[in-house]
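The block underneath contains the structure these notes are about, expressed in structure tokens.
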Amino acid sequence: MIAPATPKSWYLPSKPHKFCPGCGHGIVLKALGEAIDELEIQDKTIFGCDIGCSLLAWDFFACDSTQTHHGRTTPVMVGIKRSRPELVCVGYMGDGGGYSIGSQHLLNAAVRNEKVTLILVNNTNYGMTGGQMAPTTLPGQKTETSPYGRDPELTGYPTRGPEFIAELTPDSAYVARATVSKYKQLRRFMRNALRNQIEGNGFSFIEVLSTCPTNWRTNAQQTWAFLEEEMETYFNVGELKSPFGKGDK
Amino acid sequence: MEKVIEKSKKAFITGNEAVAWASLAAGAEIMFGYPITPQNEIMHYWTRLAPKYGRGFLQTEDEISAGFTVCGAVQSGRKAFTATAGPGNVLMQEPFGMAEAMRLPLFAVIQQRGGPSSGTVVYSQQEVTLTTYGGNGEGHRIVYSTATHQEIYDYTIKGFNTAWKYRFPTFLLGDGYQAKMREPLEIYDPAERGMDIIKPYPLIGLEGHIGENRDPQHLCNIYSLEEELYEVVMKFAAEYEAITPEVVEYQERECEDADLIILSHGIVSRAADDAVKALRAQGIKAGYFRPITLRPFPQKALREAIARSGAKKLLVAESAYGQLERLTRQEIYGETIAIETLFMPGVGIVDYDIINKVKSIL
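From first to last, the protein sequence lines stand for chains B and U.
Under numbering that gives the first Met the number 0, the first sequence has 245 at position 246, and the numbering climbs by one with no breaks.
Under numbering that gives the first Met the number 0, the second sequence has 354 at position 355, and the numbering climbs by one with no breaks.
As structure tokens, then:
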């Protein structure tokens with residue numbers, strides 16, 4: 000049997016990781032790990048994680064890491080990058096942390112074109128706290144705080160993060176939406192988002208569409224169907240802005 | 000790092016400007032700030048001076064961000080600071096809590112304004128409780144309450160050293176009067192006074208190669224088990240208590256034979272000092288006690304002053320409605336001295352306010 004390849008930048012004592020079976024975080028973090036390896040930046044990468052399920056990645060990498068508060072990973076990464084520009088600062092957060100409680104930090108960091116890379120995992124709910132409605136919850140989707148389905152009349156439409164960040168940033172920024180269902184593309188976007196920071200171009204942001212069978216209460220087929228048929232229909236996958244030339248939509 | 004002040008010199012400047020100069024002299028490398036009165040001029044002077052000495056500045060989107068960017072900067076080994084007041088101090092309690100939990104050498108200047116809420120932009124001593132015990136923690140912080148511009152300068156330099164030496168978040172607690180008025184002071188390079196400036200060092204972004212000659216650093220402030228958190232907090236508490244004797248500072252005057260001790264802090268202690276002199280001249284045996292560190296509180300020294308003098312009354316005078324008084328009561332629990340109060344929340348206290356109060360209770 001061939002053992003699955005593990006990125007060199009993963010921290011093995013913390014494996015196997017603690018995400019639920021079927022959760023997409025492991026795929027996102029594998030793509031990030033492979034991109035870190037490929038760019039040979041393990042020693043100078045600072046990985047910062049938010050509160051929420053992203054917290055479970057606090058010791059995921061064999062990279063210097065710091066865990067922050069809910070929504071506050073962006074300013075901590077900005078503080079580090081402004082102090083030590085030679086470091087590669089990667090903030091890791093969920094849709095609640097990034098688009099709700101931390102949205103003020105996210106949009107202002109984007110406007111200032113901060114030279115950090117932020118990865119936001121969109122699984123349409125607050126997973127760690129038990130499946131509440133998130134800014135990204137789809138219309139009609141049932142969660143613990145929208146038990147009859149999200150009603151846009153009452154709570155608005157899902158946040159399209161990369162779209163608004165693309166509007167706020169100059170051309171030197173990198174903005175993309177990936178999905179855990181297209182791994183090679185995800186890894187390529189991840190590499191671009193890191194490269195953009197390393198080259199000192201500007202703000203780099205990837206939203207990754209991900210799965211949460213535990214809180215969606217779905218089996219494997221239903222999980223994948225929700226991701227590919229519902230989420231990827233509402234949220235367009237592709238590069239919205241890239242200094243590296245025309246991306247794929 | 001370039002020397003900021005070659006030779007000590009007299010200056011006639013505002014307290015906010017004194018903070019900026021002292022921060023430069025202390026080797027602060029970067030400030031993160033958000034506008035709020037009455038601390039704005041700290042940023043104004045810093046942004047003018049910092050580029051000349053290769054120091055950094057970022058105006059953040061709010062105080063939460065200013066506090067957290069400082070947390071990130073000090074984790075990466077840079078001497079960073081912020082300044083705020085009032086509602087900004089409320090918002091910064093979240094990052095201050097992270098600094099407490101992760102033992103980050105965060106230094107912040109608080110220029111108190113009136114409260115609650117937006118209150119006034121002018122002056123108060125109403126941020127004592129918030130600055131000493133704010134946040135969802137145990138108040139493992141060090142808080143210096145200054146009374147003069149010279150102290151603002153001295154304790155800003157000292158505050159950075161305290162933060163980096165003990166790694167408890169450290170605060171200089173001033174107020175709008177101290178922030179805005181001009182006063183003579185002497186500004187100097189710390190080396191000229193034989194003071195060692197503690198060099199910052201990183202917790203993350205270390206030298207070396209991970210897996211070859213060093214391990215990765217994983218910093219966290221959340222724990223899975225009750226027992227894990229318990230051990231962390233108990234260790235912090237023990238360390239805080241161990242350093243208390245060398246950190247605690249106070250001033251005591253005329254307490255030896257005092258019938259009454261006036262207890263005050265910050266700028267009010269200047270009125271108390273004048274009041275004691277005037278009362279003594281009138282034959283009234285008044286004493287003066289001033290905590291310089293509100294956290295840790297000089298409770299041992301205050302208990303000794305009470306015992307030594309045999310004073311019957313302790314008058315607590317403050318520009319707040321009992322914040323210093325509550326702190327004092329909890330710290331000297333068990334003392335039988337009668338506690339009298341002069342509470343003037345959000346307004347200044349002058350010597351005759353105290354003199355009149357003393358005469359009314361004797």
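Ideal placement from N, C-alpha and C gives every residue a C-beta, glycine not left out.
The model shown is predicted, which means the values in this text are computed figures rather than measured ones.
- Membership of B:K183 in the alpha helix (DSSP H) is indicated by the continuous run Y182 to I197.
- Spatial neighbours of U:N160 in its own chain (CB-CB distance under 6 Å, excluding positions within 5 residues in sequence) are listed in chain order as I197.
- Within chain B, the residues P74 and H104 have their CB atoms less than 7 Å from the CB of U:S64, given in chain order.
- Cβ atoms of U:P168 and U:E251 stay farther apart than 8 Å, at about 27 Å.
- Contacts with chain U at 8 Å (Cβ-Cβ) include B:W57.
- In summary, no residue of the region 167 to 185 of chain B has a CB separated from any CB of chain U by less than 9 Å.
- At a cut-off of 8 Å between C-beta atoms, B:R216 does not count as an interface residue with respect to chain U.
- The contact set of B:Y10 on chain U, defined by CB atoms closer than 7 Å, consists of P215 in chain order.
- Boundaries of the beta strand (DSSP E) around U:G32: I29 to G32.
- In this structure, B:I79 sits near U:Q74, with a CB-CB distance shorter than 8 Å.
- When DSSP reads this structure, U:G173 sits in a beta bridge with U:Q110.
- U:Q110 and B:V120 have their C-alpha atoms some 40 Å from each other.
- Counting the other CB atoms within 10 Å of its CB gives U:E40 a total of 16 or more, which places it among the buried residues.
- A residue is called buried when at least 16 other Cβ atoms come within 10 angstroms of its Cβ; B:P146 does not meet this threshold and is exposed.
- For U:T68, at least one C-beta of chain B is nearer than 8 Å to its own C-beta.
- Under DSSP, the beta-bridge partners assigned to B:A177 are B:V207.
- When DSSP reads this structure, U:Q58 sits in a beta bridge with U:G32.
- Of the candidates U:I353, U:A319, U:L259 and U:A49, the residue whose Cα lies closest to the Cα of U:V346 is U:A319.
- Scanning the region 216 to 278 of chain U from its first residue to its last, the whole beta strand (DSSP E) runs of 3-plus residues come out as 249 to 252 and 259 to 262.
- Bridge partners of B:F46 according to DSSP: B:S64 and B:V89.
- Residue state for B:Y156 is assigned as coil, using DSSP reduced to three classes.
- Under the rule that a run must span 3 or more residues, the beta strand (DSSP E) segments found entirely inside the region 112 to 149 of chain U read 141 to 144.
- Beta-bridge annotation (DSSP): U:I186 is paired with U:K8.
- DSSP places B:N121 inside the beta strand (DSSP E), whose first and last residues are T116 to N121.
- No Cβ of chain B is located within less than 8 Å of the beta carbon of U:M30.
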